[in-house]
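What follows is a set of notes on a single structure, which appears directly below.
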Amino acid sequence: MTLESNLKDRLPLAPSAAELLGNSELELVRVTEAAALAAGRMAGRGDQDKVKNLAASAMLQALEELGFHGRVALGPRGDGILSAGSLVGAVVGEAAAEIGVYPVEGASLVARGLPNAISMIVAAEPAAFPSLPAVAHMEKVVLGAAARGAIDLDDGVADNLRRIAFARDCRVSDLSVAVLDRPRHQGLLEEIRAAGARVVNFEDGDITAGLVAAADWTGVDAMMGFGGLQEAILAACAVRCLGGDIACRLWPRNDEERILAGAEGERVWGIADLSIGELTVAITGITGGPLLAPVYYGGGWAETQSLVLSTRTGTVRRLTTRHQQPRPPG
């Protein structure tokens with residue numbers, strides 16, 4: 022008997038990819054709820070690093086309590102808890118499942134008491150996340166289900182907005198477009214406004230801005246701009262479950278990244294390229310916004326609002342959960 026087989030016999034059985042994507046999908050939301058509950062306690066208290074550490078530690082503990090054994094395919098940058106490439110649980114041989122995690126997107130928002138911070142996890146079968154050139158950023162447009170297929174990255178902003186308006190049976194002036202508040206978007210903002218559409222500025226939250234555009238209850242019709250590559254992949258997983266659409270293109274910002282992009286530099290990556298195979302997504306609001314309500318705390322309880330999305334069951338669940346909690350000291 023080999024050491025590996027001996028270890029396999031002794032280790033507890035981990036949830037398989039099928040279990041994580043099927044019967045356990047409502048268990049998966051406990052992971053983002055735990056991260057949101059931990060991070061939410063720090064809202065408006067000015068300590069961004071503590072927000073990140075509390076959320077990541079709570080998410081890791083919840084994954085271990087779930088009995089998850091697998092690999093983090095997409096995660097926070099750096100060498101911290103749940104960073105990309107790290108293993109969760111006792112993994113022997115090939116991981117049964119892969120996850121993409123964002124314990125808290127918008128830690129600075131939480132620290133400053135601003136809206137639109139979320140916690141997110143995607144559970145998928147092995148090799149479900151695409152392998153893209155190591156370019157940090159992408160140009161991206163996200164749409165809801167009503168305008169699916171109405172975008173062409175080779176066309177100008179005004180033409181794309183006209184197509185979106187046609188698909189939604191409205192005027193361009195009726196459209197609201199989410200854009201991250203970044204200096205690089207100044208030209209984009211001018212084009213959107215010149216076309217007659219309204220702008221919804223997001224101070225932070227690359228993923229959240231995309232999900233707000235894909236969801237049909239937020240009043241936002243599209244998201245445009247340049248943001249992180251791994252954020253585009255994670256957003257695509259949720260956008261697919263919501264029935265929306267996404268189009269992305271690598272955005273190399275220096276000669277090294279242009280070499281890395283190579284022939285893929287002009288390729289447009291769609292929803293089918295960025296989100297492969299069966300997957301389950303759980304998202305919990307932390308500071309609230311048009312997508313999800315914030316965490317509320319009461320005397321011995323807390324309340325969260327979450328989304329649980331599944332390609333396997335084709336469901337979009339919006340859950341409001343009351344958590345009984347011991348009163349914190351002080």
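Residue numbers for the sequence shown follow my numbering, so the first one is 22 and each next one is one higher. All C-beta atoms, glycine included, are put in the ideal place defined by N, C-alpha and C.
Counting only runs that start and end inside the segment 170–238, the alpha helix (DSSP H) elements of at least 4 residues fall at 178–188, 207–216 and 227–235. With 16 or more neighbouring CB atoms inside 10 Å of its own CB, proline 97 falls in the buried class.
At a Cβ-Cβ threshold of 8 Å, alanine 253 and lysine 161 count as neighbours. In terms of CA proximity to glutamine 82, Thr53 leads the group Thr53, Gly61 and Arg66. Between the C-alpha atoms of leucine 281 and alanine 218 there is a straight-line separation of about 35 Å. Restricting attention to Val122, His90 and Asp202, the CA atom closest to the CA of leucine 103 is found in Val122. Contact annotation: glycine 249 and alanine 149 have beta-carbon atoms that are not nearer than 8 Å. Look at arginine 333 here: in three-state DSSP terms it is coil, with no helix or strand label. Looking at Val241, Trp238, Thr239 and Cys269, the one whose alpha-carbon comes closest to that of glutamine 251 is Cys269. Taking the Cα positions, glutamate 85 is about 15 Å away from glutamate 46.
Annotation for threonine 53: the continuous alpha helix (DSSP H) segment containing it runs 46–61. Residues of the same chain with a CB within less than 6 Å of the CB of leucine 313, apart from the 5 flanking positions on each side, are Gly306 and Gln326 in chain order. Here the alpha carbons of arginine 66 and tyrosine 318 stand approximately 15 Å from one another.
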